[in-house]
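I have placed the structure first, in the form of structure tokens, so that the comments after it can refer back to it.
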């Protein structure tokens, strides 16, 4: 996953917001874990500040270069990204003035920024604190290095010691803010970082970037953007700042644009559309007084800006490994895997005995679904850094993607053993439980992740899904709405929210949620398919058909869209079109059960309705039953207990319409039983109304098959006139359900 790659490989990272991912069915794209301005890769245990002892002072000779000159020269070279020159100056400073801890501290930062030698950086920082334990800057750098090395408790203690030495020192406050941010104390980190910036002391932009990261972690994106841009203007040549700004544009969108569509009578509609800035639009609208619809849209220039900045940084310093890694992640996100891998190869060539390049390769292979190669790369990374988290996390992701959830969980737990503060790893542990239907354990893991980082939309999304699986729809809705308070631009959140609102019969809200998802990510086929599936459930077959067709225009091999479109055709009595679409789905995925079964049923219907010389024959009851059965299977079709949906004739003679399997537990999930029965009747209603016989009622009965017995646990019945009203859109779904008795 790209989020972890950035977290592990990019300096000055601004916190990444998701989802998916869309897991559980797709990888969760908006999962969040607090990160410091530097990156945290645990490898070894640091020496606590309390154990650091000073060494005897060494007086420099009269011919030595002045300490201040060495420090200034090194800093100038450092800010110009002249790493070798800066290292020479700092090393001379250490050799000439070994009792001054600042030389060691500067070398530590250099090794962290450029060489990515985090263990060596920590060693240098420890040496500095040993010779200058009363210098707040030197102690603060030790805390920063402990944060990088994944020692959050040590880092927090050390930063607090630095602040105790000087409560107004910008470096000490910055270190404390990073340590707080790294353990999920986001609000505290914001306050501390604001104090660091207000101190107006030189921190190589560390204080500013920490504050931006803290703001972004709290989803104060406007404040974060302001800090990032201002810092870039002040430190435009400093590559870590360029990377930070690039990453900001990788997760944020420029929303300054609007689309203006003329809506007055006689206007040319879409031909009159024009792109304007928000201010220009407001002025022109006021001047012209025309009836216009103003719609916000995202310019999506952020990825362009990101790449420009990355290329700029790489041009300035082609050997800066973090820039190379950042570019690799960018190209992998753009599905240009060949370019991404070539960049990873540069890292491997430069550092063949380090883990970084192999982890880089692993995540590119993971993104491109080359799981064998990904696993091989992650194992090479682990061989080179047995105490690093990246390899284990990547290996867990591979196992998860291949459905090996127990093995995946073991890898994520290794990450947590090394770094227990990772809300991201806790979320993935939860998803392994969720995939194995261990919902209680999943909820526990998601809650731990949320406790560690209350701003995590990924944790709230995962927790909401777990509640939804338990039919705890009110609690699920609460989690999704809470997540949207922090991230209003996550389409996946709106999709999940819409599904839950539909279960709660909040159909207007559900419709608005699905439409918002399409507004945000309507260029993604999976979003349109999800909306189409919802519309199918609402018996709006033509509207669903439009969504599936739009999805296929974006991805002409999307199986979900093909099956959904075939189903919508069948339910609208267009079996010829359904057969054609379902056959395409079967060609691409011969093992797709729903496509295969629905294809056969549609073929039977088509042959029945179109015999030689006969047209327009009514559909038989058995044929209608077959279509309704496949409609239900296309929606759920889970193993477990059984719901029968039947015609009830005048003499109570029952002809079974559907045998619908579900997975409810009658002892604890009466609400789920009701939901499944209602869903079955809504979908079956289409076939019921269109049959050639006219029974008086549509009925649903639920039986529990658990424990080897057959026990009735629920019953619904509704009159034919109400079914016809619902079929003709006279009754809403809620009104239709309200007629059940």
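Numbering (the working numbering), first residue to last: 1 to 741.
We treat Cβ as the ideally placed atom computed from N, Cα and C, and that holds for glycine.
The Cβ atoms of residue 475 and residue 504 lie no closer than 8 Å to each other. By DSSP's assignment, residue 716 forms a beta bridge with 700. In the displayed model, residue 680 falls within a helix according to three-state DSSP.
About 7 Å separates the beta carbon of residue 425 from that of residue 393, a gap short enough to meet the 8 Å contact definition.
Residue 180 places its beta carbon less than 8 Å from that of residue 189. The beta carbon of residue 379 sits closer than 8 Å to the beta carbons of 391, 395 from its chain, once the five residues preceding and following it are set aside; these are given in chain order. Residues of the same chain with a CB within less than 6 Å of the CB of residue 445, apart from the 5 flanking positions on each side, are 426, 429, 430 in chain order. Beyond the five residues adjoining it in sequence on each side, residue 310 comes within less than 7 Å, by CB distance, of 246, 323, 326, 327, 330 in the same chain, given in chain order. The beta carbons of residue 165 and residue 134 sit closer together than 8 Å. In the three-state reduction of the DSSP assignment, residue 74 falls in the helix class, which pools H, G and I. The three-state reading of DSSP puts residue 352 in coil, since its state is none of H, G, I, E or B.
In this structure, residue 389 and residue 409 do not form a Cβ contact; the two beta carbons are roughly 15 Å apart against a cut-off of 8 Å.
Residue state for residue 727 is assigned as helix, using DSSP reduced to three classes. In this structure, the alpha-carbon of residue 735 lies about 59 Å from that of residue 382. Counting along the chain, the unbroken alpha helix (DSSP H) around residue 322 starts and ends at 321-333. Annotated three-state conformation of residue 568 is helix, per DSSP.
Taking 8 Å as the upper bound for CB-CB distance, residue 371 and residue 401 are in contact here, some 6 Å apart.
Per DSSP, reduced to three states, the secondary structure at residue 694 is coil, with no helix or strand assignment. Here DSSP, grouped into helix, strand and coil, assigns residue 365 to helix. Within 10 angstroms of the beta-carbon of residue 533 lie 16 or more other beta-carbons, which makes it buried.
Taken through DSSP and simplified to helix, strand or coil, residue 81 comes out as coil. Residue 583 is a Cβ neighbour of residue 599, given a cutoff of 8 Å. With a threshold of 16 other beta carbon atoms within 10 Å, residue 593 falls short and is exposed. Just so you know, the alpha carbons of residue 498 and residue 461 end up roughly 13 Å apart.
The three-state secondary structure of residue 741, taken from DSSP, is coil. Distance from the CA of residue 540 to the CA of residue 643, rounded to the nearest whole angstrom, comes to 23 Å. About 14 Å separates the Cβ atoms of residue 510 and residue 675, ruling out a contact at the 8 Å cut-off. Membership of residue 384 in the alpha helix (DSSP H) is indicated by the continuous run 371-384. Rounded to whole angstroms, residue 559 and residue 588 show a C-alpha spacing of 8 Å. Classified as buried, residue 113 has 16 or more neighbouring CB atoms from the shown chains inside 10 Å of its CB.
Between the beta-carbon of residue 544 and that of residue 551 there is about 11 Å, and that puts the pair past the 8 Å contact cut.
Residue 478 carries a helical assignment under DSSP once its states are collapsed to helix, strand and coil. Remark: C-beta atoms of residue 529 and residue 517 do not approach each other more closely than 8 Å. Counting only residues of its own chain and dropping the five nearest sequence neighbours on each side, residue 220 has no CB closer than 7 Å to any other CB. The shortest C-alpha to C-alpha distance from residue 713 to any of 416, 492, 354, 677 is the one to 677.
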